[in-house]
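Residues 1 to 598 in the UniProt record's numbering are what the sequence shown lists, from first letter to last. All residues carry an ideal CB built from backbone N, CA and C; glycine is no exception.
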Amino acid sequence: MREFSRPVKVEISSQARLPDTVFARAAEEPTAVALRVQEAGQWRDVTCREFRDDVVAIAKALIAAGIEHGDRVGLMSRTRYEWTTIDYAVWSVGAVTVPIYETSSAEQVEWILGDSEAKAVFVEGEAHAERVRSVLPGLPGLAHTWKIEDGGLAAFVETGSGVDGSVVEERRTAGDVDELATLIYTSGTTGRPKGCELTHRNLLFTIMNVIEGPLQEVFTLQGRSTLLFLPLAHSFARVIQIGCIESRTILGHFPTTGPELIDQFGVFKPTFLLAVPRVFEKVFNKAEQKATAEGKGRIFAAAAATAIDYSKALDSGRVPLGLKLKHAVFAKLVYGKLLDRLGGEARYAVSGGSALGERLGHFFRGVGLTIIEGYGLTETSAPTSVNTPAKNKIGTVGPPLPGATIKIDDDGEVLCKGDHIMRGYWRNERATADAFDADGFYRTGDLGALDEEGYLRITGRKKEIIVTAGGKNVAPAVIEDRIRGHAIISQCLVVGDNRNFVSALVTIDPEAFEFWKQQNDRTGEIADLVDDPGLIAAVQEAVDDANKAVSKAESVRKFRILPEDFSEEGGQMTASLKVKRHVVTKQYEHEIERIYTG
């Protein structure tokens with residue numbers, strides 16, 4: 001058993017609450033820019049005073065509507081300025097925000113609002129409002145549904161005009177740091193989502209020790225800013241939202257990760273990015289495809305290899321002169337253009353949610369964008385470990401946060417302890433008791449290892465270990481991540497429990513597929529070409545490369561290309577883009593049988 005901890009950097013006062021900084025900044029630097037909001041295609045600065053005033057206006061309306069201290073308020077919307085103002089307004093009246101992914105089904109909405117006993121819910125538009133209306137008979141405690149769009153939020157704010165600002169101040173300063181701030185329902189790869197109880201202390205402890213600890217350089221850059229586009233219902237984006245407010249980092253919101261996002265980088269010019277690995281994979285793949293289409297595929301391949309070699313050489317402490325010269329040439333020809341696509345100002349990115357992969361990590365650092373990987377769960381207020389810009393061990397998720405302890409149990413499970421760990425699961429004492437060991441460590445369910453410097457490497461999920469018929473234990477995450485890193489692949493699921501060998505189900509990336517068809521003179525949809533020798537060869541190339549990372553017993557011997565991608569709508573993915581292994585294996589059990597009997 002190995003254990004590692006870091007001393008705390010910032011202790012949180014018993015009287016601290018999340019909205020405090022919003023009000024303090026409005027008083028101390030009212031005209032400083034706190035956020036930027038997009039209006040009619042243009043970015044408008046929002047000052048500290050304007051942000052505070054917007055928060056207070058919503059808070060007054062919440063009080064007028066009868067929202068009491070400790071009441072739960074749902075929030076279902078895409079990432080936008082109003083999400084943040086509502087979040088801080090709910091906190092300012094001592095209530096509890098309950099985020100709901102805007103893609104959630106009516107059944108999921110009913111469960112979250114019902115289980116949390118929410119008194120009210122904010123929804124973005126009419127489609128969300130209709131989803132709530134469809135389940136109202138099962139929600140007797142839900143008294144209000146307020147829309148953000150179509151003038152709904154403005155009308156709601158008007159209802160609070162008669163509430164005096166002193167009432168908001170009284171509510172904001174009541175209570176203490178250990179009161180509940182939010183209930184975040186886990187995506188639930190198995191069973192019903194559970195509500196994670198996160199307090200003001202949990203969230204403040206986490207982000208303040210990140211800001212003053214591993215990511216200090218990122219959050220203290222001159223003119224720092226970020227464009228947030230991940231769903232704020234996810235704890236990862238949520239804690240970065242709080243970090244921007246606490247660190248005086250200018251925060252912008254964008255509602256989608258679609259193609260138009262790249263154009264916004266050029267206008268907003270963020271100094272750092274926050275994303276999941278799939279976003280970085282797409283940036284790389286699109287750059288590669290564009291170069292190939294322009295007849296510059298060999299140049300890009302050489303530039304990519306040079307960037308990777310350069311990054312690895314940085315780790316060794318010595319970059320050979322020849323490599324320096326090649327890198328300088330490609331910096332002008334290739335790397336600069338790639339960084340310009342991200343706005344030209346970003347030098348750091350924070351990645352989480354799943355493993356990035358060493359190849360992409362080295363590539364982007366070699367290009368000039370250091371991607372800092374961290375690790376955590378909703379139950380740990382997002383990060384429990386993170387790398388640093390100064391010592392970024394690519395392939396690891398860094399050492400524990402200041403004030404956190406990470407321990408590896410005898411069976412390899414990662415255990416965590418610290419003030420960032422949730423209070424428990426909402427009204428679920430049994431699940432809470434099962435989640436902690438006798439010493440108060442939270443059981444993550446992930447498998448990992450700590451090196452001699454306390455850097456954590458995640459090797460798989462405890463419940464997802466595959467045991468072959470020959471008794472070999474296989475952690476599928478390693479090879480799945482490697483296969484997914486190939487341009488043509490969207491998703492990969494490794495199977496092989498009680499089988500003679502390991503195999504995989506793969507789905508094709510729709511955008512990459514269109515490019516592949518052009519390059520290979522093919523027509524038709526993915527479903528029409530799952531048995532095409534050329535497409536099979538392209539996937540085989542990805543599988544062969546991934547097999548280099550594992551032993552022969554762990555390698556993928558056969559695979560099947562599925563006719564459609566995994567999706568949240570299809571039930572195969574969670575809202576945080578994790579594959580529901582049990583659902584996929586059930587839905588595609590006939591395809592799996594064909595692998596082993598065909």
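Closest residue to residue i among the options (Cα-Cα distance)
i, options, result
"L562", "I489, I184, T226, S235", "I489"
"E480", "N547, V109, A433", "N547"
"F363", "G524, A305, F51", "A305"
"T378", "A355, M422, S385", "M422"
"L139", "G114, F156, V163", "G114"
"Q587", "L577, M573, G598", "M573"
"V478", "R359, R522, R133", "R359"
"F330", "T47, A302, D71, R248", "A302"
Pair within 9 Å by beta-carbon distance, residue i and residue j
i, j, result
"G352", "G374", "yes"
"F265", "V218", "no"
"A129", "V73", "no"
"A57", "G125", "no"
"Q241", "T84", "yes"
"K472", "D439", "no"
"G368", "F268", "no"
"H69", "G151", "no"
"T370", "Y335", "no"
"D446", "D509", "no"
"T585", "V495", "yes"
"L466", "A355", "The question names Leu, but residue 466 is Ile in the sequence shown. No."
"G398", "Y455", "yes"
Alpha carbon of residue i to alpha carbon of residue j, nearest angstrom
i, j, result
"S104", "A575", "8 Å"
"G395", "T173", "43 Å"
"K9", "G403", "7 Å"
"V579", "S235", "18 Å"
"D531", "A504", "15 Å"
"T226", "G252", "6 Å"
"E593", "P400", "43 Å"
"L274", "I207", "14 Å"
"E452", "V210", "22 Å"
"P30", "S77", "28 Å"
"S385", "E3", "13 Å"
"K517", "F559", "21 Å"
"L221", "I372", "16 Å"
"A475", "V350", "25 Å"
"G448", "H420", "20 Å"
"V550", "D544", "11 Å"
"R499", "D409", "28 Å"
"R131", "P99", "15 Å"
"S555", "T468", "12 Å"
"G391", "R318", "Correcting the residue identity first, residue 391 is Lys in this sequence and not Gly. Cα to Cα, K391 sits roughly 15 Å from R318."
"K282", "T523", "23 Å"
"R133", "E102", "15 Å"
"G570", "V583", "10 Å"
Own chain, CB closer than 7 Å to residue i, minus 5 neighbours either side, in chain order
i, result
"A431", "K194, Y425"
"L261", "F229, F254"
"K290", "none"
"I595", "S503, K558, R560"
"T257", "F229, V279"
"S5", "P400, A404, T405"
"E246", "T21, I207, M208, I211"
Supposed contact pair residue j and residue i - C-beta distance, whole angstroms, cut 8 Å
i, j, result
"V177", "A382", "With a Cβ gap of about 18 Å, V177 and A382 do not count as contacting."
"N387", "P270", "Contact doesn't hold; Cβ gap of about 19 Å is too wide."
"G94", "R201", "With a Cβ gap of about 15 Å, G94 and R201 do not count as contacting."
"K407", "F441", "6 Å"
"A181", "L18", "6 Å"
"A287", "L338", "6 Å"
"L493", "R581", "7 Å"
"E413", "K462", "5 Å"
"Y310", "L321", "Not really, about 12 Å apart at Cβ, beyond 8 Å."
"G376", "P277", "Actually they do not touch by this definition, with Cβ atoms about 15 Å apart."
Neighbourhood of residue i by C-beta distance below 6 Å, restricted to the same chain and skipping five residues each side
i, result
"D20", "none"
"A542", "I483, H486, I489"
"G297", "A291"
"I112", "I100, Y185"
Min CB distance residue i to chain B below 9 Å
i, result
"R52", "Absent from the structure: chain B. Only one protein chain is present."
Contact set for residue i: own chain, Cβ-Cβ below 8 Å, skip 5 residues either direction
i, result
"H144", "A65, K119, A120, V121"
"V55", "P19, V22, T85, Y88, A89, S92"
"V168", "V56, A59, K60, I63, S92, V93"
"E197", "L180, L183, M422, R423, G424, Y425, W426"
"F300", "A287, E288, A291, T292, V334"
"P7", "P402, G403"
The ligand ATP heavy atom lying under 8 Å from the CB of residue i
i, result
"A291", "Ligands are entirely absent from the displayed structure, and the ligand ATP is therefore not among its contents."
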